[in-house]
Each structure stands twice: as structure tokens, then as C-alpha cells.
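Take the sequence shown: its letters are residues 2 to 204, numbered as in my numbering.
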Amino acid sequence: MENRRQERLRQARLHRSWIESTAMLKLVGLALVVGALGGLGAAFYQWLLSFLTNQVFSPLGEWGRNYGSVLWLPALGGLLVGPLIVYVSRDSRGSGIPQVIQAMMYRGGRIRGRVAPAKTLASCITIASGGSAGTEGPIVQIGAALGSRLAQALRLNEEQVRLLLACGTAAGISAIFDAPLAGVFFAMEVVLAEFATRSFGAV
């Protein structure tokens with residue numbers, strides 16, 4: 002009788018271990034997908050920024066140099082970005098990093114799908130037109146949005162949504178700055194604010 006009980010306990014432990022291992026492998030697979038999406042998002046961001054700078058706003062600035070383009074070109078960028086933020090995605094306001102941390106802390110890592118395209122376009126227009134902005138914050142928010150949306154589309158739990166958000170953040174930072182380890186540690190320290198083994202393995 003005791004042997005049967007021990008055998009059942011052993012089988013239960015093996016079954017639980019198998020389930021946990023399968024879940025972890027699935028999460029790592031999804032993390033790889035998010036990493037690829039984040040890298041592609043960063044590459045598209047760099048391409049769009051270069052295109053708008055070199056093909057649109059720089060020629061426009063040269064044309065209007067004698068008409069004070071240094072003053073009205075950033076204003077034009079602001080006029081284009083304003084309606085985009087107000088009417089398309091208010092969540093795309095700000096530098097990007099505080100908004101990601103806020104989503105992580107207060108919304109279970111959930112970010113709306115429209116944030117990634119809206120932030121990409123708004124940030125690139127702002128920088129290309131001479132506005133005061135950088136690339137790090139937008140890339141963090143874009144990568145985070147891609148990871149979060151994939152997790153939500155697959156109906157993952159809150160812990161997994163947060164984790165894939167962090168994976169997207171790491172992917173974006175790694176791609177745009179060509180610094181994989183920096184991306185990982187940024188995501189762990191700033192976004193997740195933890196160094197748990199499970200999280201570290203996926204990120």
C-alpha cells in the first residue's frame with residue numbers, strides 16, 4: 002500500500018515537472034518570436050527615420066533655409082505629430098520608457114496594439130523634423146508593445162504578458178544599439194525590476 006502511494010506521488014511529481022518544462026519551452030519559443038519582431042521593428046524604425054530625414058525634411062529644410070526653416074520645420078513636425086497622438090493613440094505620448102513601466106506596474110503589462118505604429122511614426126517625424134527627442138525611449142515602447150500584443154493575442158496570463166513585454170524591450174534595445182547584453186539587463190533591471198531565473202532565461 003505504501004509502495005503504491007509512493008509511486009503515485011512520484012508520477013504526480015514527474016507529471017508536474019513535465020508540465021512546467023513544457024510551459025517554459027513554449028515561453029522561450031514565444032520569446033524568440035518576440036525577439037525577432039522587436040529586431041524587425043527596430044530595423045524598420047531606423048529605415049523610416051533615415052528616409053524621413055534624408056528624403057523629406059532635409060530637402061525641405063534646404064529649400065526653406067532663407068525662409069527660417071530652422072524655426073518652422075520643427076513646428077511643422079509638431080503639427081503632424083499632434084493629431085496622430087490625440088486622435089490615434091494617446092498612449093504614444095511621452096518619451097516611452099515611463100509609459101512602459103506604467104503599463105507594467107498598473108496594467109499587467111498590457112499595451113494597446115496601435116501604440117507600436119503610432120509611436121514609430123510620431124517619433125520618426127519628430128526627430129527628422131528637428132524636434133527634441135531621442136531613439137531609446139521610442140524603441141523601448143515599440144518593442145514592449147509588440148511583445149505585449151502577441152501575449153494578449155495568445156491569451157497568456159499576466160505574468161507571461163509582462164515577460165514578453167520585457168522580451169520586446171530587450172530586443173529593441175539590442176537591435177538599435179547592437180548591444181544584446183545591454184538590452185537584456187535593461188529589460189531585467191528597469192522594466193521587470195527583477196532577476197528571477199525564469200525571467201532571465203526567457204529574456
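The C-beta atom is built at its ideal place from N, Cα and C for all residues, glycine as well.
Check                                                                                                       : Outcome
Assigned exposure category for S133 - 16 Cβ within 10 Å defines buried                                      : exposed
Three-state secondary structure assigned by DSSP to G65                                                     : coil
Test item: CB-CB of T170 and V141 under 7 Å                                                                 : yes
Cutoff 7 Å; reference L81; Cβ partners in own chain excluding five residues on either side                  : I126
Contact test: G40 Cβ vs the ligand HEM heavy atom, cutoff 6 Å                                               : Inclusion of the ligand HEM in the displayed structure is not the case, the ligand content being empty and no account of it being possible.
Cβ pair count under 8 Å reaching 3, the segment 172 to 181 against the segment 31 to 44                     : yes
T54, DSSP secondary structure in three states                                                               : helix
Touch test, the segment 96 to 105 against the segment 141 to 161, Cβ-Cβ under 8 Å, three pairs minimum      : yes
Nearest-angstrom Cβ-Cβ length linking L165 and L31, presumed shorter than 8 Å                               : 6 Å
Inter-stretch contact (C-beta, 8 Å, three-pair minimum) for the segment 54 to 64 and the segment 180 to 193 : no
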